[in-house]
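Reading through the structure tokens given below for one structure.
Number of protein chains: 2
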Amino acid sequence: MVKEKTAFVPHDCVDCQIRHRAVCAKCDVTELEQLETFKYYRTYEAGQTIIWSGDRMDFVGSVVSGIATLTQTMEDGRTQMVGLLLPSDFVGRPGRDGAAYDVVATTDLVMCCFRKRPFEKMMAQTPHIAQRLLEMTLDELDAAREWMLVLGRKTAREKIASLLSIIARRDATLNLRGVDGEMVFDLPLTREAMADYLGLTLETVSRQISALKRDGVIQLEAKRHVTVPDFARLMEEAGDDSDGGMLV
Amino acid sequence: MVKEKTAFVPHDCVDCQIRHRAVCAKCDVTELEQLETFKYYRTYEAGQTIIWSGDRMDFVGSVVSGIATLTQTMEDGRTQMVGLLLPSDFVGRPGRDGAAYDVVATTDLVMCCFRKRPFEKMMAQTPHIAQRLLEMTLDELDAAREWMLVLGRKTAREKIASLLSIIARRDATLNLRGVDGEMVFDLPLTREAMADYLGLTLETVSRQISALKRDGVIQLEAKRHVTVPDFARLMEEAGDDSDGGMLV
DNA sequence: CGAGCACTTGATCGCTTTCAATAGCTGTGG
DNA sequence: CCACAGCTATTGAAAGCGATCAAGTGCTCG
Numbered sequence: 541m542v543k544e545k546t547a548f549v550p551h552d553c554v555d556c557q558i559r560h561r562a563v564c565a566k567c568d569v570t571e572l573e574q575l576e577t578f579k580y581y582r583t584y585e586a587g588q589t590i591i592w593s594g595d596r597m598d599f600v601g602s603v604v605s606g607i608a609t610l611t612q613t614m615e616d617g618r619t620q621m622v623g624l625l626l627p628s629d630f631v632g633r634p635g636r637d638g639a640a641y642d643v644v645a646t647t648d649l650v651m652c653c654f655r656k657r658p659f660e661k662m663m664a665q666t667p668h669i670a671q672r673l674l675e676m677t678l679d680e681l682d683a684a685r686e687w688m689l690v691l692g693r694k695t696a697r698e699k700i701a702s703l704l705s706i707i708a709r710r711d712a713t714l715n716l717r718g719v720d721g722e723m724v725f726d727l728p729l730t731r732e733a734m735a736d737y738l739g740l741t742l743e744t745v746s747r748q749i750s751a752l753k754r755d756g757v758i759q760l761e762a763k764r765h766v767t768v769p770d771f772a773r774l775m776e777e778a779g780d781d782s783d784g785g786m787l788v
Numbered sequence: 541m542v543k544e545k546t547a548f549v550p551h552d553c554v555d556c557q558i559r560h561r562a563v564c565a566k567c568d569v570t571e572l573e574q575l576e577t578f579k580y581y582r583t584y585e586a587g588q589t590i591i592w593s594g595d596r597m598d599f600v601g602s603v604v605s606g607i608a609t610l611t612q613t614m615e616d617g618r619t620q621m622v623g624l625l626l627p628s629d630f631v632g633r634p635g636r637d638g639a640a641y642d643v644v645a646t647t648d649l650v651m652c653c654f655r656k657r658p659f660e661k662m663m664a665q666t667p668h669i670a671q672r673l674l675e676m677t678l679d680e681l682d683a684a685r686e687w688m689l690v691l692g693r694k695t696a697r698e699k700i701a702s703l704l705s706i707i708a709r710r711d712a713t714l715n716l717r718g719v720d721g722e723m724v725f726d727l728p729l730t731r732e733a734m735a736d737y738l739g740l741t742l743e744t745v746s747r748q749i750s751a752l753k754r755d756g757v758i759q760l761e762a763k764r765h766v767t768v769p770d771f772a773r774l775m776e777e778a779g780d781d782s783d784g785g786m787l788v
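Protein sequences appear in the order of chains A and B. Here this note's numbering runs 540 ahead of the position in the first sequence, where the first position is 1. Here this note's numbering runs 540 ahead of the position in the second sequence, where the first position is 1.
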């Protein structure tokens, strides 16, 4: 993983890298200025818990860089990941005080936070924010439902292939590459985190990754660096037919 | 199930039974009048498909009475239910033309439909609608995530208990009863539909229902009429500890 | 009375889990 | 420099849970 600390540069909204995708995407300059009056940045290290389920939330915010996970835990310790937070994704729920899930940084991470009360107040008066948040929430709902199909009906092999294809696709769009032919990326999750996402055990994840490697669907270097020689083949293994779907 | 057709009485919004919970909940009288200019009702019979995945949608709307399911299907026929639509729930996604899921009426059903274009146009100008839709979407997202835990990490027995507790709870709130002591309700789903919801086979559903009955967690009459003598016991079987959560 | 449907129950199979041992890597301290 | 702890990941063997295949029941409707 990254050795040196992520450089942390607080910045103006107008220079912001996630500006066009985040909750503020539709805001005009005046609205951005208003947001900046109650905005601040926070950094987290890989492995750090950002929010504990049940905690009182005094902010909402956007992931600026890095990756975080949203997980639920049962009393006996079984855990299920229910979301993967990537740059531009929104954290927190306006109108609710308590956090519903644990949020954990899996890489070093920078969050753009807004104090909750002012944000809620502004949202009530600023359609641009509510509209964008609605779009984002609808997208997340679609992603959650796609994931319900994965969890409920796919085999372990298909689950792994599904996860790899999501990560590959996301990586391609973030880096403005196409989704065809060979794709190369790093897994941002441990085997255990993948297992929590997929409703499997880490041993099964390991076995199925080995199997996909053995069958030539993927190539692996150093456990985390993946090459997909033929993306269509991977999609096939995921049980999806070339067709879209499977958002993150 | 119901033999005679559901009486269909088109009505004014002011008399509407779901008015305080549906997407129009925050609308004032003027806004309701505007909605009525592009509103119409449709009825569906039990078993009828309301929307096919991939279809072009020319309306959005609210379930007025009856129950519908939202399902996804893989090419090989495996299906996963991704949502249960109850009275006041919203159908369709503003801003998207194609339907993402199959919507099927499991009972006779009445829908309050809005022509899509006028609805979208009005939503852009009416914060009350967008605000309410955001609230509803956030609730659905929470429900979907709760369900991911059920699908990914619970045993067959826990899955059944989870589903029963959700239905019991919903039934209690709809009929303004409390969530304690004995609860009685009818299952609105076939064993197969339950299996599709829970990521199981219908045989496993049947076996686990029999097991819960044998163990005294539930009583059954006529396959669909359920009595829960002790709701806390059911929650325990679901792996939830008395605690809230588990929305529909 | 027989067809069709929803459901139940039994027997067996196989995938995923569980338990367990091992490998590889990194950082620490003698 | 090497030994060792701690972590991630792999792999093997055995067990268990849910799926699959297969009857059979009870009910409704024509």
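Even glycine gets a Cβ: it sits at the ideal position worked out from N, Cα and C. Keep in mind the model is a prediction, meaning the values are calculated, not measured.
Residue-level contact to chain A via CB, residue i, 8 Å cutoff
i      : result
L787/B : With a pLDDT of only 39 at L787/B, under the threshold of 50, the placement of this residue in the model should not be trusted, and no figure is reported.
A645/B : no
D629/B : no
M614/B : yes
Q671/B : yes
D682/B : yes
G784/B : Interpretation of G784/B is limited by its pLDDT of 47, a score under 50 that renders its predicted location unreliable; the figure taken from the coordinates is listed afterwards. G784/B does not count as touching chain A.
L674/B : yes
R697/B : no
R618/B : yes
M662/B : no
Beta-carbon proximity of residue i to residue j, cut-off 8 Å
i      : j      : result
L703/B : L774/B : no
R655/A : F578/A : yes
T589/A : V650/A : no
L673/A : L674/B : yes
T646/A : A701/A : no
P634/A : M663/A : yes
R697/A : R693/B : no
A640/A : D780/B : no
G594/B : G632/B : no
M591/B : D642/B : What sits at residue 591/B in the sequence shown is Ile, not Met. It is a contact, given that the beta carbons lie within the stated cut-off.
A586/B : D679/B : no
C567/A : H668/A : yes
M614/A : Y737/A : no
CB contact check: residue i to chain B, cutoff 8 Å
i      : result
P658/A : no
G692/A : yes
L625/A : no
V622/A : yes
R747/A : no
G779/A : yes
W592/A : no
P667/A : yes
G739/A : yes
T677/A : yes
R596/A : no
Cβ distance (whole Å) where residue i is taken to contact residue j below 8 Å
i      : j      : result
V600/A : D629/A : Contact doesn't hold; Cβ gap of about 12 Å is too wide.
L752/A : E777/A : 7 Å
Y581/A : C652/A : 6 Å
A670/B : M688/A : Wrong, their Cβ atoms sit about 26 Å apart, outside the cutoff.
K699/A : L740/A : 6 Å
A735/A : V745/A : 5 Å
A710/B : L626/B : The sequence shown places Arg at residue 710/B, not Ala. Sure, about 7 Å apart at Cβ, within 8 Å.
**Report entry** Whole runs of the beta strand (DSSP E) within the segment 738-775 of chain B, excluding any shorter than 3 residues
**Finding:** 759-761, 765-768
Query - Meets three-Cβ-pair contact criterion under 8 Å: the segment 563-581 of chain A and the segment 606-613 of chain A - result: no
Requested in this report: Any chance you could list the alpha helix (DSSP H) runs of at least 4 consecutive residues sitting entirely within the segment 611-679 of chain A, in chain order?
Outcome: 656-665
Requested in this report: Report the residue ranges of all alpha helix (DSSP H) runs contained in full by the segment 567-593 of chain B; include only those spanning at least 4 residues, in chain order.
Outcome: 569-576
**Report entry** Three CB pairs or more closer than 8 Å across the segment 765-774 of chain A and the segment 718-727 of chain A
**Finding:** yes
Requested in this report: Just list the alpha helix (DSSP H) runs in the segment 672-741 of chain A, keeping only unbroken ones of 4 residues or longer that don't cross its boundaries, in chain order.
Outcome: 696-714, 731-738
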